[in-house]
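Taken in sequence, the protein lines are chains A and B. All residue numbers for the first sequence refer to full-length UniProt numbering, where the first residue is 1 and numbers rise by one. All residue numbers for the second sequence refer to full-length UniProt numbering, where the first residue is 1 and numbers rise by one.
2 protein chains.
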Amino acid sequence: MNEGPNIAQIASLIGDPARANMLAALTGGRALTATELAAIGGITLQTASSHLSKLEAGGLLAQRKQGRHRYFALADEAAARLIETMMGFASSRGHLRYRPGPKDPALRKARVCYDHLAGDFGVRMLDSFVCHGEIVSDGENLSVTDKGRAQLDAFGIDLSSLASNRRPLCKSCLDWSERRSHLAGTLGKALLGHMFDQGWARRSEESRAVIFTPEGERKFLLQFPIDP
Amino acid sequence: MNEGPNIAQIASLIGDPARANMLAALTGGRALTATELAAIGGITLQTASSHLSKLEAGGLLAQRKQGRHRYFALADEAAARLIETMMGFASSRGHLRYRPGPKDPALRKARVCYDHLAGDFGVRMLDSFVCHGEIVSDGENLSVTDKGRAQLDAFGIDLSSLASNRRPLCKSCLDWSERRSHLAGTLGKALLGHMFDQGWARRSEESRAVIFTPEGERKFLLQFPIDP
DNA sequence: ACGATGCTTCGATAGCGATCGAAGTATGGA
DNA sequence: TCCATACTTCGATCGCTATCGAAGCATCGT
Numbered sequence: 001m002n003e004g005p006n007i008a009q010i011a012s013l014i015g016d017p018a019r020a021n022m023l024a025a026l027t028g029g030r031a032l033t034a035t036e037l038a039a040i041g042g043i044t045l046q047t048a049s050s051h052l053s054k055l056e057a058g059g060l061l062a063q064r065k066q067g068r069h070r071y072f073a074l075a076d077e078a079a080a081r082l083i084e085t086m087m088g089f090a091s092s093r094g095h096l097r098y099r100p101g102p103k104d105p106a107l108r109k110a111r112v113c114y115d116h117l118a119g120d121f122g123v124r125m126l127d128s129f130v131c132h133g134e135i136v137s138d139g140e141n142l143s144v145t146d147k148g149r150a151q152l153d154a155f156g157i158d159l160s161s162l163a164s165n166r167r168p169l170c171k172s173c174l175d176w177s178e179r180r181s182h183l184a185g186t187l188g189k190a191l192l193g194h195m196f197d198q199g200w201a202r203r204s205e206e207s208r209a210v211i212f213t214p215e216g217e218r219k220f221l222l223q224f225p226i227d228p
Numbered sequence: 001m002n003e004g005p006n007i008a009q010i011a012s013l014i015g016d017p018a019r020a021n022m023l024a025a026l027t028g029g030r031a032l033t034a035t036e037l038a039a040i041g042g043i044t045l046q047t048a049s050s051h052l053s054k055l056e057a058g059g060l061l062a063q064r065k066q067g068r069h070r071y072f073a074l075a076d077e078a079a080a081r082l083i084e085t086m087m088g089f090a091s092s093r094g095h096l097r098y099r100p101g102p103k104d105p106a107l108r109k110a111r112v113c114y115d116h117l118a119g120d121f122g123v124r125m126l127d128s129f130v131c132h133g134e135i136v137s138d139g140e141n142l143s144v145t146d147k148g149r150a151q152l153d154a155f156g157i158d159l160s161s162l163a164s165n166r167r168p169l170c171k172s173c174l175d176w177s178e179r180r181s182h183l184a185g186t187l188g189k190a191l192l193g194h195m196f197d198q199g200w201a202r203r204s205e206e207s208r209a210v211i212f213t214p215e216g217e218r219k220f221l222l223q224f225p226i227d228p
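This is how it looks when you write it as structure tokens:
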């Protein structure tokens, strides 16, 4: 017994409702201040501060001081994937906590996951890349083919500028609403950023939803078709 | 706030050290009795019983009565994947709890994950399938090609008999020691079972390790080669 | 320099849950 | 039938931690 990594430690960090709410909110990719996170968790600032320092010590969060504000964000993409994985499992077991509202369908359609596109549109985009042979997958890691490189170049994304030693270019990330994978990594981030730049879509102010313009949606479906 | 699945509930289930130890032990795929699990968790039978009923209510465990024994096992493969994912994250953050010993290298080399092969050998096997075009991956799910079907047939595994409506044939599962994917699903199970049947390897009695015979290891490396 | 804002630290409280002893239920064997 | 084994349920205890008030520290604006 007692072999291997200590999962109880991080699980208990996520296991507190206030902390879980904060983490879920940070899955939206935006860095939030301690005051904002306290409101999200439904607790006072003092309590939130205690929680946040524990989460940081546990390697789930990273903080950045900026003036008198302190911004908190998920430590990295692996942390975001862990949270999304747990969401997927929880929803598959019926551990739901829905407060059904108009935002829900929008979230399922398209939302931000850390810094890339998730939801129905995110899954479709990766499907399109794969079924056209622009991205291939060897197990967990994805890689871009020459055909994909040319396609992305035409779309306006320069792969060579995305190279990073700290973070993989492509990574698959399990989608909790679709239960399939979407594209993460620096390429996933760049693609979402490009869509924002092109005016195809914008972020919702109060949730993780990504709202496409009618024109943007048309162009998205044209750019990432799915053939049988 | 408060949207989406309730991750705090399952996270707090895993967050208790005694429960985490039990779950980690069950990742070995064997069903264990309440008494055995109590010993693993380092608690009395009464406490263990309370824990086990909570884990079952949370959808993580399934129990099977057999005479006066009650066998507990992970509910399904998704539960096993969740635990392995958490192990991967925990070890990447240095949340280790090693009791270094001779078993450790054996576990990294080859071990059981639920009912399929994990560790260095598990990752190698999937790599071999993929780099020979016998299995292709479209995002999360893997699928066997015609070439792969023939290869497996020659190896002695009949794919058509593995079809199941309850569980996918192929699934990728993240390996906590290698941080790469290995092959899960009914095919992963069948492959490991076949190796046991052929006498290539056997299970360790006291841990999750899979111990290959020298002859079995030679045949394994020959059967699942990796070319550049 | 001074107050205001954002956040952390300290200290005390309160409540939840892990734990175990004791008693109760079910199954198997003699 | 009677005892032993395997497990669950009940009840009480105890420790841990989430929580918040109050005070302290840092930064910004003026």
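No residue lacks a Cβ here, since even glycine has one placed at the ideal position from N, Cα and C.
Next on the checklist: I want to see whether chain B comes within less than 8 Å of Ile83 (chain A), judged by CB atoms only; does it?
Outcome noted: For this step, residue 83 (chain A) is matched to residue 83 along the first sequence. So yes, Ile83 (chain A) belongs to the interface.
Checklist entry - Quick one: Cα of Ala78 (chain B) to Cα of Ile211 (chain A), how far? => result Sequence index remark: in the second sequence, residue 78 (chain B) carries index 78 (1-based). Sequence index remark: in the first sequence, residue 211 (chain A) carries index 211 (1-based). Whole-angstrom Cα-Cα distance: 32 Å.
Checklist entry - What does His182 (chain A) pair with, by DSSP beta-bridge criteria? => result For the purposes of this step, residue 182 (chain A) is taken as the residue at position 182 of the first sequence. BP columns for His182 (chain A) point to A:Cys173.
Item to check | Straight-line gap, Arg50 (chain A) to Arg19 (chain A) (C-alpha atoms, nearest Å) | outcome: By one-based count along the first sequence, residue 50 (chain A) stands at place 50. By one-based count along the first sequence, residue 19 (chain A) stands at place 19. Checking the displayed sequence, the identity of residue 50 (chain A) turns out to be Ser instead of Arg. Using only the alpha carbons, I get a separation of about 10 Å.
Checklist entry - Do you know whose CA, among A:Ile7, A:Ala8 and A:Gly28, lies nearest Ser207 (chain A)'s CA? => result Working through the first sequence from its first residue, we reach residue 207 (chain A) at position 207. Considering only alpha carbons, the answer is A:Gly28.
Checklist entry - Does DSSP put His116 (chain B) in a helix, in a strand, or in coil? => result Start at 1 with the first residue of the second sequence, and residue 116 (chain B) comes out as number 116. Here His116 (chain B) sits in strand by DSSP.
Item to check | Terminal residues of the beta strand (DSSP E) in which Leu162 (chain A) lies | outcome: Counted from its first residue, the first sequence places residue 162 (chain A) at position 162. No beta strand (DSSP E) holds Leu162 (chain A); DSSP gives it neither H nor E.
Checklist entry - If you measure from the beta carbon of Met86 (chain A) to each beta carbon in chain B, is any gap under 8 Å? => result Translated into the one-based positions of the first sequence, residue 86 (chain A) becomes position 86. Yes, because at least one Cβ of chain B sits closer than 8 Å to the Cβ of Met86 (chain A).
Checklist entry - Based on Cα-Cα distance, which residue from A:Leu32, A:Ser12, A:Leu13 and A:Ile14 lies nearest to Glu205 (chain A)? => result The residue labelled residue 205 (chain A) in the question sits at position 205 within the first sequence. Measuring from the Cα of Glu205 (chain A), the nearest candidate turns out to be A:Leu32.
Checklist entry - In chain order, what residues of the same chain have a beta carbon less than 6 Å from the beta carbon of Arg64 (chain B), not counting five sequence neighbours either side? => result Against the second sequence, residue 64 (chain B) aligns to sequence position 64. Here the set comprises Tyr71.
Next on the checklist: Threshold first: 4 residues or longer. Then list the alpha helix (DSSP H) segments lying entirely within the segment 43-131 of chain B, N to C.
Outcome noted: 45-57, 77-92, 103-109 and 119-131
Checklist entry - List, in order along the chain, the chain B residues whose C-beta lies closer than 7 Å to that of His95 (chain A)? => result Working through the first sequence from its first residue, we reach residue 95 (chain A) at position 95. Those are Pro5, Asn6, Gln9 and Ile10, listed as they occur along chain B.
Next on the checklist: List, in chain order, every chain B residue whose beta-carbon is nearer than 7 Å to that of Phe89 (chain A).
Outcome noted: As a first step, residue 89 (chain A) is located in the first sequence; it is residue number 89 there, counting from the start. Those are Ile10, Ala78 and Leu82, listed as they occur along chain B.
Item to check | Neighbour flag for Ala20 (chain A) against chain B, beta carbons, 8 Å | outcome: Taking the first residue of the first sequence as 1, we reach residue 20 (chain A) at position 20. Yes, Ala20 (chain A) lies at the interface with chain B (some Cβ there is under 8 Å from its Cβ).
Item to check | Closest Cα partner of Lys54 (chain B) within the set B:Met22, B:Lys171 and B:Gly67 | outcome: For the purposes of this step, residue 54 (chain B) is identified with residue 54 of the second sequence, where counting begins at 1. Of the candidates B:Met22, B:Lys171 and B:Gly67, the one whose C-alpha sits nearest the C-alpha of Lys54 (chain B) is B:Met22.
Item to check | Within chain A, partners of Ile43 (chain B) - CB distance below 8 Å | outcome: If you number the second sequence from 1, residue 43 (chain B) lands on position 43. Going along chain A, no residue has its Cβ under 8 Å from Ile43 (chain B), so there is no contact; the nearest lies around 11 Å.
Next on the checklist: So for Arg149 (chain B), helix, strand or coil by DSSP?
Outcome noted: Here the question's residue 149 (chain B) lines up with position 149 in the second sequence. Helix at Arg149 (chain B).
Checklist entry - Of the choices A:Glu215, A:Gly133, A:Leu117 and A:Lys189, whose alpha-carbon is the least far from that of Ser181 (chain A)? => result Position 181 of the first sequence, counted from the start, is the residue given in the question as residue 181 (chain A). The residue with the shortest Cα to Cα distance from Ser181 (chain A) is A:Leu117.
Checklist entry - Quick one, which residues of the segment 155-181 of chain B are near chain A if we go by CB-CB under 7 Å, in chain order? => result Ser172, Leu174, Trp176, Arg180 and Ser181
Next on the checklist: Using the three-state DSSP reduction, which class does Ala209 (chain B) fall into: helix, strand or coil?
Outcome noted: Here residue 209 (chain B) refers to the residue found at position 209 of the second sequence. In the structure shown, Ala209 (chain B) sits in a strand (DSSP, three-state: E or B).
Next on the checklist: Taking the beta strand (DSSP E) that Arg203 (chain A) belongs to, which residues open and close that run?
Outcome noted: Locating residue 203 (chain A) in the first sequence gives position 203, counting from the first residue. Looking at the DSSP string, the run of the beta strand (DSSP E) that includes Arg203 (chain A) is Ala201 to Arg203.
Next on the checklist: Suppose contacts are defined by Cβ-Cβ distances below 8 Å. Is Ala209 (chain A) in contact with Ala80 (chain A) by that definition?
Outcome noted: Along the first sequence, one-based indexing puts residue 209 (chain A) at 209. Along the first sequence, one-based indexing puts residue 80 (chain A) at 80. No, the Cβ-Cβ distance between Ala209 (chain A) and Ala80 (chain A) is not below 8 Å.
Next on the checklist: On the criterion of 16 or more Cβ atoms from any shown chain inside 10 Å, does Pro5 (chain A) qualify as buried, or is it exposed?
Outcome noted: Position 5 of the first sequence, counting from 1, holds the residue named residue 5 (chain A). Under this definition Pro5 (chain A) is a buried residue.
Checklist entry - Do you know whose CA, among B:Thr85, B:Ser172 and B:Glu134, lies nearest Phe155 (chain B)'s CA? => result The sequence position of residue 155 (chain B) within the second sequence is 155, counting from 1. Nearest C-alpha to Phe155 (chain B): B:Glu134.
Checklist entry - If you measure from the beta carbon of Ser53 (chain B) to each beta carbon in chain A, is any gap under 8 Å? => result Taking the second sequence and counting its residues from 1, one reaches residue 53 (chain B) at position 53. Taking Cβ atoms only, chain A never reaches closer than 8 Å to Ser53 (chain B), which makes this a no.
Item to check | Whole-angstrom C-beta distance between Ile7 (chain A) and Ile14 (chain B), which should lie under 8 Å | outcome: Here the question's residue 14 (chain B) lines up with position 14 in the second sequence. Here the question's residue 7 (chain A) lines up with position 7 in the first sequence. Correct: roughly 6 Å between the Cβ atoms.
Item to check | Residue-level contact to chain B via CB, Asp16 (chain A), 8 Å cutoff | outcome: The count along the first sequence starts at 1 and reaches residue 16 (chain A) at position 16. At least one chain B Cβ lies under 8 Å of Asp16 (chain A).
Next on the checklist: Closest to Asp127 (chain B) by C-alpha separation, out of B:Val112, B:Cys113, B:Gly148 and B:Tyr114, would be which residue?
Outcome noted: On the second sequence, position 127 is the one that residue 127 (chain B) refers to. Of the listed residues, the one whose Cα sits closest to Asp127 (chain B) is B:Gly148.
Checklist entry - Taking only beta-carbon atoms, is Ala118 (chain A) less than 8 Å away from chain B? => result Here residue 118 (chain A) is taken as the residue at index 118 of the first sequence, counted from 1. So, not an interface residue.
Item to check | Residue from A:Asp146, A:Gln151 and A:Leu187 whose Cα sits closest to the Cα of Ser161 (chain A) | outcome: One-based indexing of the first sequence puts residue 161 (chain A) at position 161. Nearest option by C-alpha distance: A:Leu187.
Checklist entry - What residues in its chain sit with their C-beta under 8 Å from that of Cys131 (chain A), if we drop five residues either side in the sequence? => result Within the first sequence, the letter at position 131 stands for residue 131 (chain A). Around Cys131 (chain A): Ile226 and Asp227.
Checklist entry - Start and end of the alpha helix (DSSP H) containing Asn21 (chain A)? => result Here the question's residue 21 (chain A) lines up with position 21 in the first sequence. Counting along the chain, the alpha helix (DSSP H) containing Asn21 (chain A) begins and ends at Pro17 to Leu26.
Next on the checklist: Taking the alpha helix (DSSP H) that residue 230 (chain A) belongs to, which residues open and close that run?
Outcome noted: This structure leaves residue 230 (chain A) out entirely; chain A is present only between 1 and 228.
Item to check | Ile14 (chain A) - DSSP class collapsed to helix/strand/coil | outcome: In the first sequence, residue 14 (chain A) corresponds to position 14, counting from 1. Correct three-state label for Ile14 (chain A): helix.
Checklist entry - Who are the neighbours of Gly59 (chain B) on chain A, taking C-beta pairs under 7 Å? => result Working through the second sequence from its first residue, we reach residue 59 (chain B) at position 59. Result: Arg93.
Checklist entry - If you draw a straight line from the C-alpha of Glu109 (chain B) to the C-alpha of Ala38 (chain B), how long is it? => result As a first step, residue 109 (chain B) is located in the second sequence; it is residue number 109 there, counting from the start. As a first step, residue 38 (chain B) is located in the second sequence; it is residue number 38 there, counting from the start. It should be pointed out that residue 109 (chain B) corresponds to Lys in this sequence rather than to Glu. The alpha-carbon atoms of Lys109 (chain B) and Ala38 (chain B) are separated by roughly 28 Å.
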